[in-house]
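Trainee:
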Amino acid sequence: MAFIDLPTAADRLGISLTYFRDLIDRTDRKETVLDPDPTADFWSSSTAVIPERDLRTYEHMLARRRFVRFLEKYADVLVEGCELTVRPGWKSLLERVADRLRWMPPAWNARFRKAREKSGYMSLGFEYDSEREDARNEIARLREEIRLSSLSLCEECGRNGRFRYSDRSLTLCDRHARLAEPLRAGDGLMSDPLSDGAAISELPSD
Ligand SMILES: [Zn+2]
4 MAFIDLPTAA
14 DRLGISLTYF
24 RDLIDRTDRK
34 ETVLDPDPTA
44 DFWSSSTAVI
54 PERDLRTYEH
64 MLARRRFVRF
74 LEKYADVLVE
84 GCELTVRPGW
94 KSLLERVADR
104 LRWMPPAWNA
114 RFRKAREKSG
124 YMSLGFEYDS
134 EREDARNEIA
144 RLREEIRLSS
154 LSLCEECGRN
164 GRFRYSDRSL
174 TLCDRHARLA
184 EPLRAGDGLM
194 SDPLSDGAAI
204 SELPSD
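Numbered by the numbering used here, the letters in the sequence shown go through residues 4 to 209 in order.
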């Protein structure tokens, strides 16, 4: 079996070494990294290697994280250069949004512009005919529906999860909760970072 070192692997995948290490960690694949130096630390080792054949696995993972198939499948309701900066666990929500756009009245000209992760929930951007009140109302409802749904789905894997309060607030299942560590005091006491009495009409809508 052929092995390659991590910098070479990252290079061939077209990603930075830091991102590659992070990807290995968050997909629970640290055990697949072999290190001839038993005292080396995963995050700083210069001797670590992976089986070369694992490159294909990482290529698939990266395609999934970049929503390559989603972008192809729903090209008809996406703006050119639709920006998706969310993790793969929320793919089902992206599909729900795109399916809803397909069924909106054609006169609204509604298109998916972006999806972002924003302190633990999904924030959506659209292009549509905002002069129309019916379109405005429906888009606002869709935004809030998806925002609330995202607060119960793990961003990383799509299993049931909850909002994790930290410097980098995320919605995660128990298995991925470590990605939000260190948690802040008060974690577990709130399910929605915006649920402090804000009305739906006051929510950010970029
Ligand atoms: Zn998870």
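Beta carbons are placed, not taken as given, at the ideal position from N, Cα and C, and that holds for glycine. Fair warning: this is a prediction, and the values are worked out from it, not measured in the lab.
#1: Enumerate in chain order the residues of its own chain whose CB-to-CB distance from E34 is below 7 Å, with the five nearest sequence positions on each side excluded.
#2: Three-state secondary structure (DSSP) at T30?
#3: Grab the span of the alpha helix (DSSP H) containing M64 for me, first residue to last.
#4: Pick from G128, R15 and L182: whose alpha carbon is nearest that of D57?
#5: Taking 7 Å as the cut-off, is the C-beta of L175 nearer than that to any heavy atom in ligand 1?
#6: Could you have a look at S126 and say whether DSSP puts it in helix, strand or coil?
#7: Would you kindly check if the distance between the Cβ of L127 and the Cβ of V100 is under 8 Å?
#8: By alpha-carbon positions, which one of D28, I53 and I27 ends up nearest to F6?
#9: Short of 6 Å in beta carbon distance, which residues of its chain neighbour P91, apart from the five on each side in sequence? Order them along the chain.
#10: Rounding to the nearest angstrom, what Cα-Cα distance links E158 and R187 in this structure?
#11: Consider the C-beta atom of R178 and the heavy atoms of ligand 1; say whether any pair is separated by less than 7 Å.
#12: Between the stretch 96 to 113 and the stretch 167 to 176, do at least 3 Cβ pairs fall closer than 8 Å?
#13: Return yes when the C-beta of G84 is under 7 Å from any heavy atom of ligand 1, and no when it is not.
#14: Would you decide whether E83 is buried or exposed? Buried here means 16 or more other CB atoms lie within 10 Å of its CB.
Mentor: Let me spell this out:
#1: Working through the sequence shown from its first residue, we reach residue 34 at position 31. Closer than 7 Å at Cβ, skipping near neighbours: no residue.
#2: By 1-based counting over the sequence shown, the position of residue 30 is 27. Looking at T30 - three-state DSSP - the assignment turns out to be coil, as it is neither helix nor strand.
#3: As a position in the sequence shown, residue 64 is number 61, starting the count at 1. D57 to R68 is the extent of the alpha helix (DSSP H) around M64.
#4: Along the sequence shown, read from residue 1 onward, the residue named residue 57 stands at position 54. Among G128, R15 and L182, the Cα nearest to that of D57 is on R15.
#5: Counted from its first residue, the sequence shown places residue 175 at position 172. Because some heavy atom of ligand 1 lies under 7 Å away, the Cβ of L175 counts as near it: yes.
#6: Translated into positions along the sequence shown, residue 126 becomes position 123. Looking at S126 - three-state DSSP - the assignment turns out to be strand.
#7: Working through the sequence shown from its first residue, we reach residue 100 at position 97. Working through the sequence shown from its first residue, we reach residue 127 at position 124. Yes. Within cutoff.
#8: Here residue 6 is taken as the residue at index 3 of the sequence shown, counted from 1. Taking only the C-alpha atoms, the option nearest F6 is I53.
#9: Indexing the sequence shown from 1 puts residue 91 at position 88. If we look at P91 and ignore the five residues flanking it on each side, its Cβ neighbours are R67 and R68.
#10: Looking up residue 158 in the sequence shown gives position 155. Looking up residue 187 in the sequence shown gives position 184. If you take the alpha carbons of E158 and R187, they lie about 19 Å apart.
#11: As a working note, residue 178 is residue 175 in the sequence shown. Under cutoff, so the answer is yes.
#12: no
#13: Reading the sequence shown from its first residue, position 81 is the one you call residue 84. No, the beta carbon of G84 sits no closer than 7 Å to any heavy atom of ligand 1.
#14: Here residue 83 refers to the residue found at position 80 of the sequence shown. Classification for E83: exposed.
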